[in-house]
Amino acid sequence: MNALNEILSSVGRTGLVLVRALRYFPSVLCRSDARHDLLRQLYATGVRTLPVLTVVSFFTGMILALQVGLELRRFNQEIYLGAAVMLTLIREMAPFSCGICLAACVGSAIAAELGTMKVNDEIDALKVMGIPPARFLVAPRVLALVLMAPLLAFYCCILGTIGGGLVGNTQLGVDFSQYMTSAMSMAGEKDLFVGLLKALVFGLAIGVVSAKEGLDTSRGATGVGKATQRSVIVSFLSILVFGYMITRMCYR
Amino acid sequence: MDTIIEFKNVMKRFGEQTVLDGVTFAVERGEILAVVGPSGTGKSVTLKHIVGLLEPDAGEIVTVTPRIGYLFQSGALLAWLTVAENVALPLRETTDLSDAEIDRKVEAALASVELTGAAEKYPSEISGGMLKRAGLARAIVRDVDVVLYDEPTSGLDPVTSGKIHQLIVRLNRERGITSVLVTHDLPRALKIATRILLLKDGKAVVCLSPKEFVKSSEPEVKAFLAAMKGEVL
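Right under this line is the structure:
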């Protein structure tokens with residue numbers, strides 16, 4: 024019963040962080056100081072994630088191409104390799120990989136940063152000065168994730184498709200231009216829209232969950248470690264749950 | 128004397144632990160009130176109630192002014208801002224003052240805590256004493272009526288502690304800032320405070336002038352003074 028209460032209370036607090044962050048999004052875009060901070064967060068989000076995401080995307084595409092290509096070859100259908108890789112990436116793997124990288128690289132950093140600020144009384148100091156932490160700290164970080172996640176997912180999709188094409192060409196004998204034609208012919212606007220929507224929702228979930236865990240931190244360095252760990256675990260679970268829900272809603 | 132902050136029978140519990148158990152006292156305008164007592168008796172919790180960081184479970188807290196500054200134990204400066212940017216933060220975020228006006232106020236606040244030379248330094252580049260003075264500059268930059276000091280000299284050497292105490296007295300005398308000072312440094316508190324409030328087991332035992340405090344026949348005060356003497360020796 025206690026565990027259930029704790030989970031419900033945690034969900035409630037996460038909802039509260041979400042509502043407060045959304046409420047301050049316009050203020051982040053309108054105020055010049057806040058816009059400057061948003062740019063800093065956009066840069067940090069992109070820079071922190073890009074190296075890992077580049078490697079992850081490329082290898083995801085290569086693995087997909089190899090696994091799918093070997094099966095297609097059994098039926099002499101290698102011409103569909105591009106379509107299979109592109110569709111899998113754009114619908115699922117690109118937003119998923121992007122979400123996982125963002126949770127590990129950016130979400131954990133947000134939880135650790137806000138957690139450290141909490142145990143060092145910096146969050147309380149902001150409240151005493153009349154500066155809502157939701158406006159000053161949470162909203163720019165969450166908005167940066169919301170804006171950056173679809174861009175990074177698109178980047179992941181392009182890079183993964185190229186990686187798959189290289190494997191198809193060098194190991195399965197599929198012509199690269201034929202692979203790209205197949206890839207571009209099957210992926211539709213809806214697939215792109217759903218993929219980017221997923222990435223956007225993942226970005227929002229990671230930002231809100233990480234901020235909530237950071238702001239809930241207590242008990243010094245150990246607490247910061249636990250908050251960071253929880254932020255990654257809950258973000259991963261959120262990515263899986265929201266990923267399934269969006270797929271279920273958009274593809275019936 | 129008029130009362131600027133008043134605690135009326137304030138109770139606060141954290142889980143099973145009662146931290147404040149019917150605390151009643153008043154802070155008079157213009158005074159320096161030192162809050163002393165053994166660790167874990169609710170001194171910092173008392174300060175947090177004054178600025179609304181904590182809400183009492185029962186009882187009432189009346190604050191006449193909203194213009195209250197708070198110096199946290201660690202200084203609580205934001206690591207990615209310079210000292211000057213930290214001091215300017217409350218003005219930039221909560222007022223419509225022009226950049227020139229903010230710069231003027233920040234300069235004046237830094238000058239009053241003798242920290243003008245460190246304006247462009249980051250918190251990681253300055254000493255513990257400077258961190259506290261920068262925190263104090265940020266607390267007073269908004270023309271406050273009251274400053275709450277949470278262990279302003281903890282972790283500092285005696286010379287720097289002395290300077291911080293001089294600063295508290297100077298701000299009180301020159302700008303009429305009412306001060307509530309949570310401290311373990313009883314000898315210095317006896318020198319600079321107008322009154323001493325002893326908290327023990329979540330209760331306000333006495334609130335007396337330094338002279339009355341050292342002569343008090345209250346058993347808790349005697350025990351506290353004896354314990355402090357033992358600590359000093």
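So the sequence lines, in the order shown, correspond to chains A and B. Taking our numbering, I'd label the letters of the first sequence as residues 24 to 275. Taking our numbering, I'd label the letters of the second sequence as residues 128 to 360. Where a beta carbon is used, it is the ideal one built from N, C-alpha and C, also for glycine.
Under DSSP, no beta-bridge partner is assigned to A:A206. Residue contact check for A:D147 against chain B: a CB pair falls below 7 Å. Exclusion of the five residues before and after A:A26 leaves no residue of its chain whose Cβ lies closer than 6 Å to its Cβ. Of the candidates B:V274, B:G282 and B:H311, the residue whose Cα lies closest to the Cα of B:L294 is B:V274. By the criterion of a C-beta distance shorter than 8 Å, B:T243 is surrounded in its chain by E234 and L237, once the five residues flanking it on both sides are discounted. Residues are counted here when their Cβ sits less than 8 Å from a Cβ of chain B; for the stretch 150-162 of chain A these are K150, V151, M152, G153, I154 and F159, given in chain order.
Secondary structure note for A:Y66: its alpha helix (DSSP H) is the uninterrupted segment S55 to R97. When Cβ-Cβ separations below 7 Å define contact, B:F141 makes no contact with chain A. Contact annotation: A:I229 and A:L168 have beta-carbon atoms nearer than 7 Å. Listed along chain B are S201 and A203, each with a C-beta nearer than 8 Å to that of A:N143.
Between B:T151 and B:K135, the CB-CB gap stays under 7 Å. Only those residues of the stretch 203-221 of chain B whose C-beta falls short of 9 Å from the nearest C-beta of chain A are listed: A203, L204, L205, A206, W207, L216, P217, R219, E220 and T221.
Boundaries of the beta strand (DSSP E) around B:D277: V273 to D277. When the beta-carbon positions are compared, A:C53 and A:A117 stay at least 7 Å from each other.
Under DSSP, the beta-bridge partners assigned to B:G196 are B:V274. At the C-beta level, A:R43 and A:A157 come within 7 Å of one another. 7 Å or more divides the Cβ of B:L198 from the Cβ of B:L147. Contact between A:T251 and A:G138 holds: CB atoms are separated by about 7 Å, below the 8 Å threshold. The stretch 90-102 of chain A and the stretch 191-200 of chain A touch, with three or more beta-carbon pairs separated by less than 8 Å. If you look at B:D148, you'll find it in the beta strand (DSSP E) that goes Q144 to E155. Here the alpha carbons of B:P279 and B:M257 stand approximately 11 Å from one another. Contacts with chain A at 7 Å (Cβ-Cβ) include B:L180. Residues of the stretch 174-208 of chain A with a C-beta atom less than 9 Å from some C-beta of chain B do not occur. Counted as a single uninterrupted DSSP element, the alpha helix (DSSP H) harbouring B:R297 occupies residues P285 to R302. In the DSSP assignment, B:R315 falls within the alpha helix (DSSP H) that extends over L313 to I319.
7 Å or more divides the Cβ of B:N213 from the Cβ of B:L224. Neighbourhood of A:D214 in chain B, by CB distance below 8 Å: empty, with the nearest CB roughly 40 Å away. At least 7 Å separates the CB of B:Y276 from every CB of chain A. Under the three-state reduction of DSSP, B:N136 is assigned to strand. Straight-line spacing of the CA atoms in B:G167 and B:C334 works out to 19 Å. Closer than 7 Å to the CB of B:Y197 there is at least one CB belonging to chain A. In this structure, the straight-line span from the alpha carbon of B:M355 to that of B:V309 is close to 15 Å. Taking a C-beta cut-off of 7 Å against chain B, the contacting residues of the stretch 51-82 of chain A are D56, listed in chain order. Per the Cβ contact rule, the stretch 311-323 of chain B is in contact with the stretch 158-165 of chain B (3 or more Cβ pairs under 8 Å).
Unbroken beta strand (DSSP E) stretches of 3 residues or longer found wholly inside the stretch 153-177 of chain B: 159-163, given in chain order.
Within a 10 Å sphere around the beta-carbon of A:Q64 sit 16 or more other beta-carbons, which makes this residue buried.
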